[in-house]
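Asker: If you scroll down you'll find the structure; I have some questions about it.
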Amino acid sequence: MSHAAVYPAVMVARRKLYRADLAALAGIKVDSLQRANPPEPDGRDVDGGHARPWWYEATARRWLASRPGRGRWGPRSGGQNVPDVARDTPGVRGRR
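Letter 23 of the sequence shown, counting from 1, is numbered 762 in the working numbering, and no numbers are missing.
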């Protein structure tokens with residue numbers, strides 16, 4: 740039996756998310772990520788002299804849960820609420 744089968748929640752929580760992954764999870768563009776005040780990275784991968792920040796998925800989800808809502812938009816006409824983009828995002832794209 741594999742380690743991932745025994746501890747699947749631990750393995751998901753330890754998956755690295757890079758900037759594109761974090762932005763996709765938050766439902767924003769990569770360029771908008773810095774304005775969204777992301778948490779401190781859990782680590783950095785040095786590749787060719789450039790440090791690429793990364794976050795564990797658990798860190799990213801805690802950050803998303805602590806972010807304020809969508810502001811003063813309120814319900815759309817017809818009484819339909821604005822969808823929660825971060826929650827409704829089916830998955831994370833990009834490097835793992």
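Here a beta-carbon is modelled for each residue, glycine too, at the ideal position from N, C-alpha and C.
The beta strand (DSSP E) spanning A775 covers which residue range?
Answerer: A775 -> no beta strand (DSSP E), and no H or E assigned at all.
Asker: Between which two residues does the alpha helix (DSSP H) holding R800 run?
Answerer: Looking at the DSSP string, the run of the alpha helix (DSSP H) that includes R800 is 796-805.
Asker: Would you tell me roughly how many angstroms separate the C-alpha atoms of R753 and D781, rounded to the nearest one?
Answerer: Rounded to the nearest angstrom, the two C-alpha atoms are 10 Å apart.
Asker: Tell me whether R758 is buried or exposed, calling it buried when 16 or more other Cβ atoms sit within 10 Å of its Cβ.
Answerer: Flag for R758 reads buried.
Asker: Would you identify the three-state DSSP class for R758, choosing helix, strand or coil?
Answerer: DSSP places R758 in helix when its eight states are reduced to three.
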